[in-house]
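Novice:
And the structure:
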């Protein structure tokens, strides 16, 4: 455990930082300028990639599971219980339990992150599909649509608000958990946070990396709200 | 499978591999201590505010959006910024956990009270009840199940999140074992994760009992009454 050092002796002056950095002030803009392209920007990029892969794979899996459970009702319980159990495992523990199998790699992180998206996405997609009014489904059949046409042209579009809400929660959750994933795979915005804690609690780096993670989460949330409004114009009046 | 058996042995040994290590019971109590302190502060902030705003049935924009932004906050990032501003230790962790616990409770308190049937409130006002009486005798009892749903979500969330505080230099929770795979190995990590999950479930159960005890008998008997679930935030894994 890193514990509070009795005397703070910074070791990051080698990079040419001024008094601000050697005295570990709250925020040193010079450090940010020098390390933006080398430390912060790559970490931000890795974080975005980690999140996109996890949400992408999670969405495909959850959509398949939800469609299966939509047709075969008995599948809902096992899928629901399985994803809920995955969801309750503390993230740090799940990363460490998977690490022996896949090594300290991005694969380990992605498997755990995908696991956490499943519960949210599965539940939201299935709920969205279930809430399509029976009359609408009957009308689609009455118009001569095949079950497949009805699914893709009527039921899934009507379930879109619930699906987008699930995507929003899942994305924000993954952005949050991906910071913890850096403990295993040293990627993403968690990596500079852990580096800073180990380097005598270097404040500027903590604030930058933490602030970027928070901004990324809020921006992603806003982007998905915007996408939701664009995709479901009929629900806009609410 | 071997790891699972190892984990159960680890729990059976009370988490001690070598003499002198802290026991699981000790760590669990410290875990509950920090989580309990954070929940107490968060309740004192969020419940009066949420209930009062709900009673006024105004500022829903504030109450709902605080929760949306709060849900988007990555825990490790909040803790990292807390470490930079406040420093390592109990207070930083407390503040970070409070920041994370307030939004779900604020929203549910608001949604619960604002969602009480307006006709019931009008009837109470027509009977000559004063505003505080309406709040205490009509709105709070009816909103209790939803308010408690928020408290339970926040409590489970805080207990799970307290594990990752070990990564930010606060030692004394069950996260110490989970963050220290090198000496506790996978079986120990898994054992501690099971304990965290057990602690979360037990806390949830304790609040459920408290909720039952506080619910007026007339409402308790009406088992078939379905509670509105809309607007309840989904708990995030830590």
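Residue numbers (our numbering), protein chains in the order written: chain Z, 7 to 244; chain P, -15 to 222. C-beta atoms are modelled at their ideal positions from N, C-alpha and C, and glycine is treated no differently. From a predicted model like this one, the values you see are computed outputs, not experimental measurements.
Residue 119 of chain Z and residue 186 of chain Z: beta carbons closer than 7 Å?
Specialist: For the purposes of this step, residue 119 of chain Z is identified with residue 113 of the first chain, where counting begins at 1. For the purposes of this step, residue 186 of chain Z is identified with residue 180 of the first chain, where counting begins at 1. Their beta carbons are not under 7 Å apart, which means residue 119 of chain Z does not touch residue 186 of chain Z by this criterion.
Novice: Buried or exposed, going by whether 16 or more other CB atoms sit within 10 Å of the CB of residue 128 of chain Z?
Specialist: In the first chain, counting from the first residue as 1, residue 128 of chain Z sits at position 122. Residue 128 of chain Z is buried by the Cβ-count criterion.
Novice: Looking only at its chain, what residues have a beta carbon closer than 8 Å to the beta carbon of residue 109 of chain P, apart from the 5 residues adjacent to it on each side?
Specialist: For this step, residue 109 of chain P is matched to residue 125 along the second chain. So the qualifying residues of the chain are 118.
Novice: Quick one: which chain P residues come within Cβ less than 7 Å of residue 5 of chain Z?
Specialist: Since the first residue shown for chain Z is 7 and the last is 244, residue 5 of chain Z is missing from the structure and cannot be characterised.
Novice: Quick one: Cα of residue 135 of chain P to Cα of residue 88 of chain P, how far?
Specialist: The sequence position of residue 135 of chain P within the second chain is 151, counting from 1. The sequence position of residue 88 of chain P within the second chain is 104, counting from 1. Between residue 135 of chain P and residue 88 of chain P, the C-alpha separation is close to 8 Å.
Novice: With H, G and I counted as helix, E and B as strand and the rest as coil, what does DSSP make of residue 49 of chain P?
Specialist: Sequence index remark: in the second chain, residue 49 of chain P carries index 65 (1-based). Residue 49 of chain P sits in a helix when the DSSP states are folded into three classes.
Novice: Would you verify that the beta carbon of residue -5 of chain P is, or is not, closer than 7 Å to some beta carbon of chain Z?
Specialist: Looking up residue -5 of chain P in the second chain gives position 11. False, the Cβ-Cβ gap to chain Z never drops below 7 Å.
Novice: Is there at least one Cβ from chain P nearer than 7 Å to residue 235 of chain Z's Cβ?
Specialist: Numbered from its first residue, the first chain carries residue 235 of chain Z at position 229. So, not an interface residue.
Novice: Residue 219 of chain Z touches chain P at which residues, Cβ-Cβ below 7 Å?
Specialist: Working through the first chain from its first residue, we reach residue 219 of chain Z at position 213. Under the 7 Å cutoff, chain P gives 58 and 61.
Novice: Looking at the unbroken alpha helix (DSSP H) that takes in residue 229 of chain Z, where does it start and where does it end?
Specialist: Position 223 of the first chain, counting from 1, holds the residue named residue 229 of chain Z. Looking at the DSSP string, the run of the alpha helix (DSSP H) that includes residue 229 of chain Z is 209 to 237.
Novice: Mind checking residue 29 of chain Z: buried by the 16 CB within 10 Å criterion, or exposed?
Specialist: By 1-based counting over the first chain, the position of residue 29 of chain Z is 23. By the neighbour-count rule (16 or more Cβ atoms within 10 Å), residue 29 of chain Z is not buried but exposed.
Novice: Alpha carbon to alpha carbon, what distance is there between residue 6 of chain P and residue -5 of chain P?
Specialist: Looking up residue -5 of chain P in the second chain gives position 11. Looking up residue 6 of chain P in the second chain gives position 22. If I take the Cα positions, the gap works out to 13 Å.
Novice: Straight-line CA distance for residue 134 of chain Z to residue 76 of chain Z?
Specialist: Mapped onto the first chain, residue 134 of chain Z falls at position 128. Mapped onto the first chain, residue 76 of chain Z falls at position 70. When rounded, the distance between both Cα atoms is 10 Å.
Novice: Residues in its own chain within less than 6 Å of residue 63 of chain P by CB, not counting five upstream and five downstream?
Specialist: Position 79 of the second chain, counting from 1, holds the residue named residue 63 of chain P. For residue 63 of chain P, where only same-chain residues beyond five positions count, the Cβ hits under 6 Å are 80 and 152.
Novice: Does the structure place the segment 221 to 229 of chain Z close enough to the segment 49 to 65 of chain P that three or more beta carbon pairs sit under 8 Å?
Specialist: yes
Novice: Between the segment 168 to 198 of chain P and chain Z, which residues of the former have CB atoms less than 8 Å from a CB of the latter, in chain order?
Specialist: Legend: CB atoms of the segment 168 to 198 of chain P lying less than 8 Å from CB atoms of chain Z belong to residues 170, 173, 174, 176, 177, 180, 181 and 184.
Novice: Go to residue 75 of chain P, then tell me how far its alpha helix (DSSP H) extends in each direction, as first and last residue.
Specialist: Here residue 75 of chain P refers to the residue found at position 91 when the second chain is read from its first residue. Start and end: 74 to 98.
Novice: Buried or exposed: residue 51 of chain P, going by 16 or more other Cβ atoms within 10 Å of its Cβ?
Specialist: The sequence position of residue 51 of chain P within the second chain is 67, counting from 1. So residue 51 of chain P counts as buried.
Novice: Using CA atoms only, rank isn't needed, just tell me which of P/121, P/112 and P/74 is closest to residue 97 of chain P.
Specialist: The residue labelled residue 97 of chain P in the question sits at position 113 within the second chain. Per the Cα distances, P/121.
Novice: Taking all protein chains shown into account, decide if residue 202 of chain Z is buried (16 or more other Cβ within 10 angstroms of its Cβ) or exposed.
Specialist: Position 196 of the first chain, counted from the start, is the residue given in the question as residue 202 of chain Z. Classification for residue 202 of chain Z: buried.
Novice: Note down, in chain order, each residue of its chain lying with its Cβ closer than 6 Å to the Cβ of residue 168 of chain P, except the 5 sequence neighbours on either side.
Specialist: Here the question's residue 168 of chain P lines up with position 184 in the second chain. Here residue 168 of chain P has 161 as same chain residues with Cβ atoms under 6 Å from its own Cβ, once five neighbours each way along the sequence are excluded.
Novice: Taking C-beta to C-beta, are residue 78 of chain P and residue 21 of chain P nearer than 7 Å?
Specialist: To locate residue 78 of chain P, count along the second chain from 1; it is residue 94. To locate residue 21 of chain P, count along the second chain from 1; it is residue 37. Between residue 78 of chain P and residue 21 of chain P, the C-beta gap is smaller than 7 Å, which places the two residues in contact.
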